[in-house]
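The sequence shown runs 253 to 649 under this note's numbering.
The structure under discussion appears below in the form of structure tokens.
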Amino acid sequence: MNYRTMGKTGDKVSILGYGCMRFPQINGRIDVVRTERQLLSAVERGVNYFDTAYIYHGGRSESILGEVFSKGARSRVKIATKLPLYMVHSRKDMDNLLDVQMKRLKTDHIEYYLLHAVSDHAGWERLKRHGVIEFAEQAKKDGRISRFGFSYHGDKEDFKAIIDDYDWDMCQIQYNYIDENFQAGREGLEYAASKGIGVSIMEPLRGGSLVRKMPPEIQKIWDSAAVSRTAADWAFRWLWDQPAVTTVLSGMNEESQIEENTQLADMVHTNMLTAEELSLYERVRTEYYRLMKVGCTGCGYCMPCPAGVDIPFCFSYYNAKHLFKAKNAQWQYTAFAGGIMSGKPSMASLCKQCGKCEKACPQHIPIMEKLKEVAEDMEPAILKPAMWVARKFYSLR
């Protein structure tokens with residue numbers, strides 16, 4: 253296993269992190285025996301970074317990690333978990349939630365404690381008003397947490413503003429060879445790294461979309477390479493090639509995935525890809541955009557939208573739902589664009605047809621027309637009352 257330093261903290265973490273959101277199941281329930289075997293197998297292969305959250309598997313993810321690692325492996329691993337922001341109404345809530353998580357994890361300390369799914373600067377400001385900085389610094393002082401960070405699902409400008417607003421230890425972003433310019437993107441990744449902040453990568457395979465049901469046009473490009481590699485191999489290499497990436501999370505729930513990914517993590521290094529290989533990624537990315545419902549590259553020239561629409565976000569999840577058959581695309585669109593997670597809607601139906609975005613788009617996408625398509629497809633009438641209620645709840649906090 254290769255290890256990298258988590259930014260200015262000096263911590264050595266495995267370049268392959270274990271995402272604990274997709275444990276194997278039997279009849280809708282976690283297969284605890286198999287999960288334990290897989291977790292310990294990863295530890296034996298050198299994985300020392302395990303990422304979970306309060307809400308994963310309805311709270312069972314943290315509990316299972318606690319049960320497994322309390323039997324003897326705890327000293328060999330670093331646990332990252334997250335504060336569920338939708339449950340935070342006060343400073344007291346933060347302390348209470350952390351106490352619950354420590355009990356679930358059967359530990360007296362958590363190495364990496366993240367704010368879960370920060371989506372904009374306004375959300376960060378709300379948390380500051382509730383005393384999140386004082387909470388984090390006290391939790392560090394008394395040893396309950398070692399490092400403080402945040403996971404992020406917003407645009408790159410707000411990401412950089414949040415990075416600049418506090419002395420963070422680490423952060424977590426969505427990033428892969430398709431989403432190079434999506435959300436924080438490469439620009440945000442390198443900005444955080446330049447500040448000495450470690451970066452954990454989520455969705456390296458886009459929830460499995462980059463390895464399952466590969467379009468034949470894409471497979472043909474990979475097959476033209478001088479070396480034969482699996483789709484997962486190509487995806488992970490692209491990330492590990494970049495020095496700004498600290499660790500890459502993989503939601504492994506098959507023994508074969510653990511074996512393949514750990515073997516690859518043994519042999520990779522930064523700046524290993526050749527010019528020819530990098531050109532293959534460009535060809536694959538271009539072909540994916542051609543096949544998408546909307547050929548949006550996520551460049552952000554259309555932003556900000558005067559009506560508040562997050563145009564790249566809307567198109568990304570519309571594409572994910574249809575091209576990649578991503579099962580969680582609808583939920584993520586509803587949660588984030590619908591404003592459930594932040595109280596700030598940015599969905600396609602907010603479009604006022606002003607046309608400002610179309611004048612700025614270098615891809616010449618008929619954005620107004622496509623936003624209508626997104627609204628019709630991603631915003632069914634049955635969901636709108638639920639989104640309204642959720643936003644009202646959020647606004648009261």
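All C-beta atoms in this analysis are idealised placements derived from N, C-alpha and C, irrespective of residue type, glycine included.
Remember, it's a predicted structure, so these values are computed and weren't measured experimentally.
Output the distance between the C-alpha atoms of residue i and residue j, rounded to the nearest integer angstrom.
i: Val-320; j: Leu-291; result: 8 Å
i: Ile-518; j: Met-339; result: As written in the sequence, residue 518 is Asp, which differs from the Ile given in the question. Their Cα atoms are separated by approximately 39 Å.
i: Gly-440; j: Lys-412; result: 7 Å
i: Thr-538; j: Gln-353; result: 43 Å
i: Leu-491; j: Tyr-429; result: 8 Å
i: Arg-649; j: Gln-424; result: Below a pLDDT of 50, predicted positions are generally treated as unreliable, and Arg-649, at 47, falls in that range; the measurement from the model is reported next regardless. If I take the Cα positions, the gap works out to 25 Å.
i: Phe-588; j: Arg-378; result: 17 Å
i: Gly-460; j: Tyr-404; result: 20 Å
i: Leu-575; j: Pro-336; result: 30 Å
i: Leu-602; j: Val-284; result: 44 Å
i: Pro-637; j: Ile-362; result: 38 Å
i: Ser-266; j: Gln-605; result: 48 Å
i: Lys-472; j: Ser-480; result: 12 Å
i: Asp-360; j: His-521; result: 34 Å
i: Met-253; j: Leu-268; result: 8 Å
i: Glu-288; j: Asn-279; result: 18 Å
i: Met-454; j: Gln-426; result: 5 Å
i: Glu-432; j: Gly-262; result: 27 Å
i: Glu-529; j: Ala-477; result: 8 Å
i: Ala-305; j: Lys-545; result: 32 Å
i: Lys-622; j: Leu-543; result: 15 Å
i: Glu-389; j: Tyr-585; result: 33 Å
i: Lys-465; j: His-341; result: 42 Å
i: Met-258; j: Lys-392; result: 17 Å
i: Gly-590; j: Gly-607; result: 22 Å
i: Ala-557; j: Phe-402; result: Contrary to the premise, residue 557 reads as Cys rather than Ala in this sequence. Going by the C-alpha atoms only, they are around 26 Å apart.
i: Phe-565; j: Ala-496; result: 24 Å
i: Arg-256; j: Arg-281; result: 35 Å
i: Ser-452; j: Val-500; result: 6 Å
i: Asn-523; j: Lys-330; result: 27 Å
Anyone know if the C-beta pair for residue i and residue j falls short of 8 Å?
i: Leu-366; j: Lys-334; result: yes
i: Leu-516; j: Asp-485; result: yes
i: Gly-560; j: Ser-598; result: yes
i: Met-555; j: Ala-369; result: no
i: Tyr-541; j: Cys-613; result: no
i: Leu-357; j: Gly-318; result: yes
i: Pro-468; j: Phe-488; result: no
i: Gly-450; j: Thr-498; result: yes
i: Asp-475; j: Leu-525; result: no
i: Val-300; j: Arg-328; result: Here residue 300 is Asn; the residue named in the question, Val, does not match the sequence. In contact: Asn-300 and Arg-328 (Cβ atoms closer than 8 Å).
i: His-373; j: Ile-414; result: yes
i: Asp-421; j: Phe-400; result: yes
i: Gln-435; j: Gly-547; result: no
i: Glu-507; j: Thr-482; result: no
i: Gly-448; j: Lys-260; result: yes
i: Ala-294; j: Ile-510; result: yes
i: Lys-573; j: Gln-582; result: yes
i: Thr-514; j: Gly-375; result: no
i: Asp-536; j: Ile-470; result: The sequence as given places Val at residue 536; Asp does not occur at that position. Yes, the pair counts as a contact, with Cβ atoms nearer than the cut-off.
i: Ile-385; j: Tyr-418; result: yes
i: Asp-407; j: Asp-562; result: yes
i: Ile-220; j: Glu-610; result: Lying before the first or after the last residue shown, residue 220 is absent from the chain, which here runs from 253 to 649.
i: Asn-505; j: Pro-276; result: yes
Residues bridged to residue i by DSSP?
i: Ala-496; result: Bridge partners of Ala-496: none, in fact.
i: Lys-573; result: DSSP, once it has assigned bridges, lists no residue as partnering Lys-573.
i: Ala-332; result: Asp-303 and Tyr-364
i: Leu-530; result: For Leu-530, which the question treats as bridged, DSSP gives no partner whatsoever.
i: Ile-278; result: Arg-281
i: Val-352; result: Beta-bridge pairing links Val-352 to no other residue.
i: Leu-268; result: Val-500
i: Met-524; result: Answer by DSSP bridge pairing: none, since Met-524 is not bridged.
i: Thr-257; result: Lys-264
i: Val-626; result: According to DSSP, Val-626 bridges with nothing at all.
i: Arg-426; result: Before going further, note that residue 426 is Gln rather than Arg in the sequence given. DSSP, once it has assigned bridges, lists Met-454 as partnering Gln-426.
Got a sec: does the ligand SAM put a non-hydrogen atom nearer than 7 Å to the Cβ of residue i?
i: Thr-514; result: As for the ligand SAM, it is missing from this structure, which has no ligand bound.
Legend entry - Stretch pair the region 553-570 + the region 615-630: three plus CB contacts closer than 8 Å: yes
Inset, instruction - Could you name each continuous beta strand (DSSP E) segment of 3 residues or more that falls completely within the region 428-505, going from the start of the chain to the end? - result: 450-454 and 499-502
Inset, instruction - Pair every Cβ in the region 269-277 with every Cβ in the region 302-311, then say whether three or more of these pairs are closer than 8 Å. - result: yes
Legend entry - Contiguous beta strand (DSSP E) assignments of at least 3 residues, all confined to the region 537-623: none
Legend entry - Contiguous alpha helix (DSSP H) assignments of at least 4 residues, all confined to the region 379-408: 384-393
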